[in-house]
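To start, the structure itself, in structure tokens.
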Amino acid sequence: MVKNHRSFFYFFILAIFLITLGLSSCNSAAPAEKAGVAETETTEQELGSVRGKVLTDSGEMVTAGIIVEDQDGNTFRTTTNAQSGYNLLLPPGSYTLYFTRGFEYSVVTKKITVESFKKYYLQDVRLIQLFDSYAQGWIASDLHQHTYYSDGADSVASQLLGNISNGLYIGFLTDHNTAYGLAEWVQGNRLVANIDKAGVQRFYHAFEGVEETTEFGHFQSLGVGQTFDTYEIKMTEYQRAQSQAEKDVVLKDMIGYIADTIQRSGGVVQINHPYSSSTMGFNYWDIADKFDTVEIWNGYFVPGDGRYIGDTLGYADQNYSAKLKWFDLLNNIRNGGKFLAATGGTDNHDSTSPYKRDPKLVSYNINNIKDFKITNMVDYQAAFEMNGRYNGNPTTYLHIPGDITLDSVQNAIRNGNSFISNGPILIADVNGKSYGETVELNGAGSVSLNLKAFARDGFESIRIVKNGEVIKTIDAITGSNYEAVVKLDDLKRGDWIVLEAMGVSTYYCITNPIFFE
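See below:
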């Protein structure tokens, strides 16, 4: 009887604590609290509490990310609240905490041992901004995300904070066939994404979207919450009974209708993960010109850099197949084909990115994973899993020199004024013309490419691709920053170049093309 009273007393005290915490904290603290509990079977009565704040190098208090690693090497991600505070509820054990704000910031590591019921107040963490793409007009964005309004695990709030904690300034919520979450999502426009060294607030920009999910492909509506009735995106039994040739005609008409409706409603229409298996891929490239963009990098699968492509993973290396198909489409522009800009999207369904330690990576962690020697695609996949699937992996960087509005964002996406990355940053131009733009050769066969590159964890190489073939490789890059003027010869009308950066581990960047006329 005494034992039961004591248990009830402990539970009552914990309940009062959690209620008080919920009332005194921003709703955004919820991801940090839930994540710790979700990773364990330990009862709530045994949890310890780890608290603190994460600041920028100028002392500003904005949302940051936290990666929690237990003593077995298992990890999950969470965030601070919007005011930079965190309260991690963790079962007893030893932990390593990694604090981050994405690719352009330093990572701070802290170790702590947690005991039941105890509260720990950690010294404030300061993250150093190592590169500022935003100040140069390149705005970090995620174009493909989900919440529990379709098949995601996240609330709208946790996805918003997940984006900001990884250095993003723009995001489209694209739940499957529903606009239910969009009214909440656009409230994200009130959130401060960052504060620069001069004290100027940079707001987050939350835009509407929908992933039109059909039995003949997934198509993105970017900028409008366009949804369709079931009969518009599903074949009838009569149509299913037709020959394949007859079904192809029906499906092409339905795809064309979806694309046209989105565009007429003011949206950018996109082919998502075209080489996915089953009904999620895209089979009708002869009508690709009905679309504006194609997602060549889906965050669920390994990057399409092709470094270890000799050892196939089947569907898992689909981003590489999508890239090669996109190169074919670019080469067809000289024959009258339409330019479809490339994009990337995380396709994030769970911002906590839970990871269970792979035995082959037992001696590696987030700080030294770059030292893991990758020799084949199986190793590459293992490192990719450890690096995690999370908000902003990959990021589509949009070139928006002026105000960030729906029009300017859509134009940058549609025109290909962008590059895609999960770490390295490539900013380049020829005579002031950058990605998605055309350089007039005026009879000259040579040009100078102005290149500025950054990779926090270092480079393996930078490649310049012309018309689908690598024409120049820059190796032996030391440090995180690289600048050069690169001479390109033998250019002619109709040519295009794309830049690729191979970072350490699974880090990669690919740009949209610069065209030549």
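My numbering numbers the first residue of the sequence shown as 3 and each following residue consecutively.
Cβ atoms here follow ideal geometry from the backbone N, Cα and C, with glycine treated the same way.
Simplified DSSP assignment, three categories, for residue i
i: Y136; result: helix
i: T348; result: coil
i: E239; result: helix
i: S96; result: strand
i: M63; result: coil
i: V158; result: helix
i: Y382; result: helix
i: E439; result: coil
i: P515; result: coil
i: A446; result: coil
i: R128; result: strand
i: L490; result: strand
i: S233; result: The sequence shown places Tyr at residue 233, not Ser. Y233 falls in the helix class under three-state DSSP.
i: T58; result: strand
i: R204; result: strand
i: Y509; result: coil
Of the listed residues the options, nearest to residue i (C-alpha basis)
i: P426; options: F133, R79, L57; result: F133
i: N350; options: I69, T98, L162, K121; result: L162
i: F518; options: G308, W498, E387; result: W498
i: L408; options: Q131, G104, G211; result: G211
i: V270; options: D291, D477, D405, K199; result: D291
i: G347; options: I273, L451, S365; result: I273
i: G154; options: G390, H178, Q131, S507; result: H178
i: Y382; options: L363, R416, A430; result: L363
i: V188; options: I479, G227, Y150; result: G227
i: V127; options: E248, G447, G87; result: G87
i: T513; options: A343, Q320, D405; result: A343
i: Y286; options: G258, G470, S448, A478; result: G258
i: W454; options: E485, N444, I479, A478; result: Position check: residue 454 holds Lys in this sequence, whereas Trp was assumed. K454 has its Cα closest to that of E485, out of E485, N444, I479, A478.
i: I298; options: R309, D491, S280, S323; result: S323
i: Q147; options: A247, S278, D74, S223; result: S223
Start-to-end residues for the alpha helix (DSSP H) that takes in residue i
i: G258; result: 246-266
i: L331; result: 320-333
Bridge partners - residue i, DSSP secondary structure assignment
i: R53; result: N89, Y123
i: Y484; result: A455
i: T407; result: Answer is none; T407 lacks a bridge partner.
i: M388; result: BP columns for M388 are empty, so no partner.
i: A185; result: In DSSP, A185 forms no bridge with anything.
i: R79; result: I69
i: D144; result: G173
i: Q228; result: Paired residues: none, contrary to the question.
i: K113; result: T98
i: A343; result: T295
i: K358; result: None, per the DSSP bridge assignment.
Residue i beta carbon near the ligand FAD (any heavy atom closer than 8 Å)
i: L193; result: Looking for the ligand FAD in the displayed structure turns up nothing, as the structure carries no ligands at all.
Rounded straight-line distance, which links the Cα of residue j to that of residue i
i: V500; j: E239; result: 45 Å
i: E439; j: L124; result: 49 Å
i: S152; j: S355; result: 18 Å
i: I166; j: D307; result: 26 Å
i: V39; j: G95; result: With a pLDDT of 39 at V39, under the threshold of 50, the modelled position of that residue is not reliable, and no figure is offered here.
i: A244; j: V251; result: Before going further, note that residue 244 is Gln rather than Ala in the sequence given. If I take the Cα positions, the gap works out to 11 Å.
i: I516; j: Y97; result: 47 Å
i: Q131; j: A195; result: 14 Å
i: F284; j: A503; result: 27 Å
i: I69; j: D59; result: 19 Å
i: V411; j: P93; result: 43 Å
i: Q138; j: L129; result: 20 Å
i: P276; j: T263; result: 20 Å
i: I474; j: R465; result: One point to set straight first is that residue 474 is Lys, not Ile, in the sequence displayed. Rounded to whole angstroms, K474 to R465 spans 6 Å at the Cα level.
i: C511; j: L428; result: 7 Å
i: S9; j: F119; result: Summary for S9: the model assigns pLDDT 40, below 50, so the residue's position carries little reliability; its value from the coordinates is reported in the next sentence. Each residue's alpha carbon lies about 13 Å from the other.
i: T180; j: L145; result: 16 Å
i: E234; j: Y100; result: 47 Å
i: S507; j: A385; result: 7 Å
i: G390; j: Y509; result: 11 Å
i: M237; j: N321; result: 28 Å
i: K112; j: G225; result: 40 Å
Range covered by the beta strand (DSSP E) that runs through residue i
i: K468; result: 461-468
i: A208; result: 207-216
i: F221; result: 219-224
i: A430; result: 427-431
i: Q272; result: 270-273
i: W498; result: 498-505
i: Y521; result: This structure cannot speak to residue 521, because the chain is shown only from 3 to 519.
i: E471; result: 471-476
i: E297; result: 295-300
i: N196; result: 194-197
i: F421; result: 420-423
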